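**Student:** Provided herewith is a single structure, encoded as structure tokens, for subsequent inquiry.
Here it is as structure tokens:
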């Protein structure tokens with residue numbers, strides 16, 4: 012009897028196992044600022060702005076403040092304010108950025124967004140910012156500022 016032998020199955024070539032993806036190195040505010048300054052495209056700049064916002068540190072907010080002051084594009088300024096609004100910590104640094112956004116020379120949309128964000132800060136440290144707004148050229152802002160000052164002073168008393 013002839014033994015039938017089947018040829019050994021040839022091994023199926025397998026793709027080499029890919030090395031594990033290196034963990035993304037967290038970028039510092041300084042690195043993100045440098046990346047922002049060389050970025051040419053709007054979406055790239057927006058991504059960097061939100062990366063800074065995700066850090067939620069004093070350094071990140073101060074970096075956003077520097078970018079805000081240097082930025083001429085109103086849409087990017089609005090993105091910076093939005094990223095700052097999402098940050099829950101660092102009230103004094105946040106107030107510094109909002110103070111710049113509330114300056115009389117800023118476009119009305121920027122100022123309105125900053126006022127809206129300032130309204131969410133129930134902290135007596137916001138009183139000096141409201142005091143500046145209480146002398147604003149806009150009567151509605153002056154009245155709103157006075158009301159907020161009184162409300163925040165009541166928080167202080169309690």
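Residue numbers (this note's numbering): 12 to 169.
The beta carbon of each residue, even a glycine, is placed where N, CA and C say it ideally should be.
Values in this document were obtained by computation on a predicted structure and should not be read as measured data.
Comparing C-alpha positions only, which one of 136, 151 and 145 sits nearest to residue 165?
**Tutor:** The residue you call residue 165 lines up with position 154 of the chain shown. Nearest option by C-alpha distance: 136.
**Student:** Using the Cβ count rule (16 or more neighbours within 10 Å means buried), how would you classify residue 185?
**Tutor:** No answer is possible for residue 185: it lies beyond the span of the chain, which begins at 12 and ends at 169.
**Student:** Have a look at residue 52 and residue 96 and give me their C-alpha separation to the nearest angstrom.
**Tutor:** What you label residue 52 is simply residue 41 of the chain shown in a count that begins at 1. What you label residue 96 is simply residue 85 of the chain shown in a count that begins at 1. Going from the Cα of residue 52 to the Cα of residue 96 covers about 23 angstroms.
**Student:** Give me the residue from 69, 108 and 94 with the minimum Cα distance to residue 56.
**Tutor:** Here residue 56 is taken as the residue at index 45 of the chain shown, counted from 1. Cα-wise, what sits closest to residue 56 is 94.
**Student:** Quick check on residue 78: buried or exposed, where buried means 16 or more other Cβ atoms within 10 Å of its Cβ?
**Tutor:** For the purposes of this step, residue 78 is identified with residue 67 of the chain shown, where counting begins at 1. By the neighbour-count rule (16 or more Cβ atoms within 10 Å), residue 78 is buried.
**Student:** In the DSSP assignment, find the alpha helix (DSSP H) that holds residue 120 and state where it starts and stops.
**Tutor:** By 1-based counting over the chain shown, the position of residue 120 is 109. Looking at the DSSP string, the run of the alpha helix (DSSP H) that includes residue 120 is 119 to 130.
**Student:** In the structure shown, what three-state DSSP assignment does residue 161 receive?
**Tutor:** Here residue 161 corresponds to residue number 150 of the chain shown, with the count starting at 1. Three-state result, residue 161: helix.
**Student:** So, with DSSP's three-state summary, where would you put residue 41?
**Tutor:** Looking up residue 41 in the chain shown gives position 30. Reduced to three states, the DSSP call for residue 41 is helix.
**Student:** Given residue 159, which residues of its chain have a CB within under 6 angstroms of its CB, disregarding the five upstream and five downstream residues?
**Tutor:** Counting from 1 along the chain shown, the entry for residue 159 is found at position 148. 141, listed in sequence order.
**Student:** Entirely within the region 55 to 107 and at least 4 residues each: give me those alpha helix (DSSP H) ranges in chain order.
**Tutor:** Counting only runs of 4 or more, we get 69 to 81 and 85 to 97.
**Student:** Measuring alpha carbon to alpha carbon, tell me which residue in 126, 116 and 70 is nearest residue 92.
**Tutor:** Counted from its first residue, the chain shown places residue 92 at position 81. Of the candidates 126, 116 and 70, the one whose C-alpha sits nearest the C-alpha of residue 92 is 126.
**Student:** Please report the straight-line C-alpha distance between residue 101 and residue 69, rounded to a whole angstrom.
**Tutor:** As a first step, residue 101 must be located in the chain shown, where it is residue number 90. As a first step, residue 69 must be located in the chain shown, where it is residue number 58. Going from the Cα of residue 101 to the Cα of residue 69 covers about 6 angstroms.
**Student:** Throw me the rounded Cβ distance for the residue 40 and residue 71 pair, which I believe falls under 8 angstroms.
**Tutor:** Your numbering for residue 40 matches position 29 in the chain shown. Your numbering for residue 71 matches position 60 in the chain shown. The pair is a contact, with the Cβ atoms about 5 angstroms apart (cut-off 8 angstroms).
**Student:** Tell whether a beta-carbon distance below 9 angstroms holds between residue 144 and residue 162.
**Tutor:** Within the chain shown, residue 144 is the residue found at index 133, counting from 1. Within the chain shown, residue 162 is the residue found at index 151, counting from 1. It is not a contact, given that the beta carbons lie outside the stated cut-off.
**Student:** Any idea if residue 148 is buried or exposed, counting beta-carbon neighbours within 10 angstroms, 16 or more meaning buried?
**Tutor:** Position 137 of the chain shown, counted from the start, is the residue given in the question as residue 148. The residue is exposed, with fewer than 16 neighbouring Cβ atoms inside 10 Å.
**Student:** Closer than 6 angstroms by C-beta to residue 134: which residues in its own chain qualify, once you throw out the five before and the five after it? Chain order, please.
**Tutor:** Stepping through the chain shown from its first residue, residue 134 is reached at position 123. The answer, listed in chain order, is 102.
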